Amino acid sequence: KIYRGSHFMQERYQIAPGLWLPSFTQYDFDGRKLFSGFSIHERTFYSNYRYIGPPKEALEVIRKELRRADLGKTGGTTTDP
């Protein structure tokens, strides 16, 4: 059960004609599940969107960034092929 007064809000901005992306999201929920109460209060800000091309090119860029992120977690170094 979600209690009254709970709400969700999202702000969006237009980065290209017809393309709106979120810039801010806020959740404020209080409720009860069976015998336990819960609260979810979260604010998220989004920024630094960038266009990286059509899907095929985008997948290559994303995979490269993920490899870099994984190497950064293990303390390794990365080189671009």
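Residue numbers for the sequence shown, in the numbering used here: 9 to 89.
Glycine is no exception: its CB is placed at the ideal position from the N, C-alpha and C atoms.
The structure presented is a predicted model; accordingly, all values stated were derived computationally and were not measured.
Worksheet item: Of the residues Lys41, Leu29, Met17 and Glu19, which one's Cα is nearest the Cα of Lys2?
Response: This structure cannot settle anything about residue 2, because the visible part of the chain is limited to 9 through 89.
Item to complete: Taking only the alpha-carbon atoms, compute the straight-line gap between Ala77 and Arg71 and give it to the nearest angstrom.
Response: 10 Å
Worksheet item: Ile10: beta carbon under 7 Å from a heavy atom of the ligand ATP?
Response: Absent from the structure shown: the ligand ATP. Ligands present: none.
Fill in: C-alpha gap between Tyr57 and Gln22, whole angstroms
Rounded to whole angstroms, the separation of the alpha carbons of Gln22 and Tyr57 is 11 Å.
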